[in-house]
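Report on the following structure.
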Amino acid sequence: MKKLLVIAMIAILGQSAVMAQKAKTVKEQDVPSTYVRDFQKTAPNAKEVNWTMLDSVSYEVFFLSENNNKESILFTKKSTETRYYIEDKWYPQAIKDTVSNMYPKHKISSLYVRNVKNNATYQARVARMKGWFKKKESDVHFVNFGTDCKFISAE
């Protein structure tokens with residue numbers, strides 16, 4: 000956990016939100032070989048690997064690290080973004096408090112540390128949850144925090 004707090008970054012939120020809506024599961028053989036090679040170098044012991052195509056040049060790979068931590072790497076032409084997902088029992092209280100004050104009818108659906116070019120932040124995916132049995136997200140927002148858990152921005 001301390002490792003995650005050391006990492007710091009700022010990235011473009013809008014692009015991630017738009018890309019997430021268009022994601023399509025693909026086989027590794029359909030991913031550009033440079034992305035596959037970079038992934039295999041970065042996470043040689045990854046398990047449960049799943050690739051998604053976000054657009055014709057952007058791909059994201061979801062996997063479990065060798066320590067069974069949920070992670071993902073987003074590959075685009077311009078940059079690579081790594082996400083280290085945090086279990087809800089480890090969410091920092093300052094982030095939970097800020098989100099509940101900003102969006103009282105929403106819940107944090109995921110929290111992760113985003114790392115781009117050795118620059119990292121926390122990013123919370125915040126949404127209203129609908130449905131009794133199968134929860135469906137609506138009114139999704141992305142809220143950024145520094146590694147000190149101080150609010151940076153929201154979209």
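Sequential numbering of the sequence shown, starting at 0, is according to numbering that gives the first Met the number 0. Beta carbons: idealized from backbone N, C-alpha and C, even for Gly. Note that the coordinates shown come from a computational prediction; the quantities given were computed from them, not determined experimentally.
Which of helix, strand or coil does DSSP assign to E86?
The answer is coil: DSSP assigns E86 none of H, G, I, E or B.
Using 10 angstroms around the beta-carbon of T120, count the other beta-carbons present and answer buried if the total reaches 16, otherwise exposed.
Buried, since its Cβ has 16 or more Cβ neighbours within 10 Å.
Can you tell me which residues form a DSSP beta bridge with F74?
The partner list for F74 (beta bridge, DSSP) reads Y58, T79.
Where do the N-terminal and C-terminal ends of the alpha helix (DSSP H) with F141 fall, by residue?
No alpha helix (DSSP H) holds F141; the beta strand (DSSP E) holding it covers 135–144.
Comparing C-alpha positions only, which one of V48, T24, E80, K149 sits nearest to R113?
Ranking V48, T24, E80, K149 by Cα distance to R113 puts E80 first.
Using a 10 Å radius around the Cβ and a threshold of 16 neighbouring Cβ atoms, would you call S32 buried or exposed?
It counts as exposed.
Going straight from the alpha carbon of K26 to that of N49, what length do you get?
Their Cα atoms are separated by approximately 8 Å.
From the DSSP output, read off the bridge partner residues of R113.
Answer is R82, T120.
A153 lies in the beta strand (DSSP E); which residues open and close that run?
Unbroken beta strand (DSSP E) run through A153: 150–153.
If we count Cβ pairs, one from each stretch, closer than 8 Å, do we get three or more for the segment 118–138 versus the segment 55–75?
The answer is no - the segment 55–75 does not touch the segment 118–138, with fewer than three Cβ pairs under 8 Å.
Excluding the 5 residues preceding and the 5 following A45 in the sequence, name in chain order all residues of the same chain whose CB lies nearer than 6 Å to its CB.
F62, listed in sequence order.
I'd like to confirm the pairing. Which residues does DSSP put opposite T24 in its beta bridges?
Its beta-bridge partners are T51.
If E136 and S108 are in contact, beta carbons under 8 Å, what's the gap, nearest whole angstrom?
Confirmed, Cβ separation roughly 6 Å.
Hey, how far is the Cα of A42 from the Cα of V60?
About 11 Å.
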